[in-house]
Structures are given as C-alpha cells and as structure tokens.
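Numbering (this note's numbering), first residue to last: 4 to 195.
Just below is one structure, and these are the notes that go with it.
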C-alpha cells in the first residue's frame, strides 16, 4: 500500500506492507510489517519487524492516550469464536491491519508518536515500548546496522532479538565500568 503525503517543499512517500506469518508449532499469528519511506520523521528508510494482533491493540491504546482529541483509526475486532489459523480470517485481519497502519501514516500528526515509530521500526516488545515512551527506560533497539544486526537477524523470535540487544548493551556497559575501575585503581596505586 503506497501513501503519498505532500507539502510545499517536497513529497513524502511511504510504502507499507503487512504479511501474515504462521510459525510452525506457534499458537498465534505474526504479522510482518515492512515499511519503505522517504519521510524524514522515520529513523530508517526501510525496516521490517513482526507484531502480533495484541500488540496492534496495545499500540492503539497508547495512541488513544497520546492523542485524546483526535480520532484514532479502528482495528479489526477480536474474534474469539474464530480459529486463529482460519486462512480467510487471517487474510481479512491482515488487510485491516495494513489499512490501520496506512491511515496512521497518512496523518502527519501521528508521525510525532514515539510509540508508533518504535512499533514500526524496532523489535522491542510492547512492554519495553511502553517503558521507553513513559521514560522508565531509555533502551531502544532500532535494528542496528552492522555485525550485531546480522547475527540478530538470524534469530526468529523478536523477543529474543530484543533480549540479545539488551545483553550486548549490558556487556558494553560492563566493559566501560571495568576500564573506569582499572583507571581508578591505577591512579590510587600511583598516589601510594
């Protein structure tokens, strides 16, 4: 789905695609969200992440709180009596989720939402996104380029990716702490 938003200076285009993914032995459906954009409000011109329906619901709830006086597009309703793996149902939901995201991206006001950007361009779980948006956490996994991203991309589960990125950051911080302590001990030893 291609969206075009124009201003006096330039034309911004965003292409968003949502595909359903059913992993073997999984009890839920993942929706793979791919976005290509030249909109300067995005961190990356291209990104892909996976989200569950429940995460779309959480995003919408966060947007309702952030934009109290603006109508937020509706999501397809929960269907408790439908089989999660009924392919017609999955396809209808996928289409509606793609429309939901397209409507959000077509309104410039929603592009100011950190929650929306993290939802679309990171692999962090919604609990982490909530913490980041509320200021309780500053960690942001934005699909880092380079060698870390290559090894992370081999992991199938998005939660595993986010946890690995946290471990990498923790190791970097421990290394920095070790260097600082070594310098302090060296300075103390020099004084005696």
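Just so it is clear, CB atoms sit at the ideal spot from N, CA and C, and this is done for glycine as well.
The structure presented is a predicted model; accordingly, all values stated were derived computationally and were not measured.
Exposed or buried, which one is residue i when buried takes at least 16 other CB atoms within 10 Å?
i           : result
residue 183 : exposed
residue 130 : exposed
residue 33  : buried
residue 31  : exposed
residue 67  : exposed
residue 125 : buried
residue 97  : buried
residue 88  : exposed
residue 112 : exposed
residue 57  : exposed
Could you compute how far the alpha carbon of residue i sits from the alpha carbon of residue j?
i           : j           : result
residue 102 : residue 188 : 59 Å
residue 44  : residue 192 : 51 Å
residue 108 : residue 137 : 22 Å
residue 42  : residue 190 : 50 Å
residue 49  : residue 86  : 33 Å
residue 158 : residue 54  : Unreliable positioning characterises residue 158 in this predicted model, as indicated by a pLDDT of 49, which lies under 50. A coordinate reading is not provided.
residue 20  : residue 37  : 5 Å
residue 29  : residue 110 : 35 Å
residue 84  : residue 94  : 16 Å
residue 73  : residue 90  : 33 Å
residue 40  : residue 76  : 21 Å
residue 122 : residue 134 : 13 Å
residue 140 : residue 17  : 29 Å
residue 22  : residue 114 : 22 Å
Along the beta strand (DSSP E) that carries residue i, what are the first and last residues, could you check?
i          : result
residue 36 : 33-40
Can you give me the start and stop residues for the alpha helix (DSSP H) that residue i sits inside?
i           : result
residue 60  : 56-69
residue 89  : Note, residue 89: premise wrong, no alpha helix (DSSP H); not H, not E.
residue 118 : 117-124
residue 135 : 129-137
Are residue i and residue j closer than 8 Å when you measure CB to CB?
i          : j           : result
residue 51 : residue 26  : no
residue 79 : residue 106 : no
residue 70 : residue 82  : no
Quick check: the segment 53-72 against the segment 108-122, are at least 3 beta-carbon pairs closer than 8 Å? Output reads yes: the segment 53-72 touches the segment 108-122.
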